[in-house]
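Just add 6 to the spot in the sequence shown (first one is 1) and you have the working numbering.
We put the CB at the ideal spot given by N, CA and C, even for glycine.
Predicted model only: the values in this text are computed from it and were never measured.
Have a look at the structure below before the remarks.
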Amino acid sequence: MTIRLLIVDDDPLVRAGLTLMLGGAEDLRIVGEGADGREVPGLVDRLAPDVVLMDIRMPDVDGLTATERLRALPGAPEVVVLTTFHADEQVLRALRAGAAGFVLKDTPPAEIVAAVRRVAAGDPVLSPAVTRQLMTHVAGEPDQPDRREPSRRAAISTRLAELAAREREVAVAVGRGSSNAEIAAELYMSVPTVKTHVSRVLAKLGLNNRVQIALLVHDAGLLDEDD
């Protein structure tokens, strides 16, 4: 399968570098480039990419807004955000919006290619280690506005009520940044069973990846209860 890739970055040198680095992969086809988030809807409609590499910081419509708008559309391509930060609040917003993961701009070309392949195959570029890092970042930001005000927390709790008891346990474990193997050992189940539960949680809650599960569990206060 050839993966159709759209690159969106306001820096022409970055776009040229990514095109040069990624264009050599036999299974990747760069179908177009964009310089600002406002171009994304038209480019996606015209070029039908499978994956969008989206820069966060752009002058007119930033990558976060573009990601939120794009992922709200039916049949939207997957989005991988490009950033210079490991655990930036803006990365968290992108993940909440439905981005399939993020890669750093100094990531080696082979790893960016691998990330695009994984996302195109439906496997988010978000390891348990990255989940832990992001959740630590969320928990350690006292100056950030509280996303768990009563009305929001109640709405999230209503969503989580759709989960079966075992699915809820798995969701909380994902929120702690546990790997599938760690969850399997903790909850006395097989790794394939854990994967099945994670898939069901994603489907029931309408989420894209493990970090979105972790953020939702955090916002519901379940990690506080777990502690």
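Looking at the structure shown, is threonine 113 part of a helix, part of a strand, or coil, going by DSSP?
Taking the sequence shown and counting its residues from 1, one reaches residue 113 at position 107. It is coil, neither helix nor strand.
Can you tell which of Gly29, Leu34, Met60, Leu166 has its C-alpha closest to the C-alpha of glycine 40?
Working through the sequence shown from its first residue, we reach residue 40 at position 34. Nearest option by C-alpha distance: Met60.
Tell whether a beta-carbon distance below 7 Å holds between glutamate 74 and alanine 103.
Taking the sequence shown and counting its residues from 1, the one referred to as residue 74 is at position 68. Taking the sequence shown and counting its residues from 1, the one referred to as residue 103 is at position 97. Result yes, Cβ atoms of glutamate 74 and alanine 103 sit closer than 7 Å.
Secondary structure, beta strand (DSSP E): runs of 3+ residues fully inside the stretch 12-46:
34-40
Taking all protein chains shown into account, decide if methionine 64 is buried (16 or more other Cβ within 10 angstroms of its Cβ) or exposed.
What you label residue 64 is simply residue 58 of the sequence shown in a count that begins at 1. Its Cβ being crowded by 16 or more others within 10 Å, methionine 64 is buried.
Starting from aspartate 225 and walking both ways along the alpha helix (DSSP H), at which residues does that stretch end?
Here the question's residue 225 lines up with position 219 in the sequence shown. It spans 216-225 - the alpha helix (DSSP H) in which aspartate 225 sits, taken as one unbroken run.
Who are the Cβ neighbours of valine 14 in its own chain at under 8 Å, not counting the five residues just before and after it?
For the purposes of this step, residue 14 is taken as residue 8 along the sequence shown, with counting starting at 1. Once the five neighbours on either side are set aside, the close Cβ partners of valine 14 are Glu39, Gly40, Ala41, Asp42, Gly43, Glu45, Val46, Leu49, Val58, Leu59, Met60, Asp61, Met64, Gly69, Ala72.
Glycine 29 versus arginine 52 - alpha carbon distance:
Counted from its first residue, the sequence shown places residue 29 at position 23. Counted from its first residue, the sequence shown places residue 52 at position 46. About 20 Å.
Could you tell me which residues DSSP puts in a beta bridge with glutamate 168?
Counting from one through the sequence shown, the residue named residue 168 turns up at place 162. The partner list for glutamate 168 (beta bridge, DSSP) is empty, contrary to what the question assumes.
Expected contact under 8 Å - CB spacing of leucine 169 and valine 207 to nearest Å:
Against the sequence shown, residue 169 aligns to sequence position 163. Against the sequence shown, residue 207 aligns to sequence position 201. Indeed, because the Cβ distance is near 6 Å, the residues count as touching under 8 Å.
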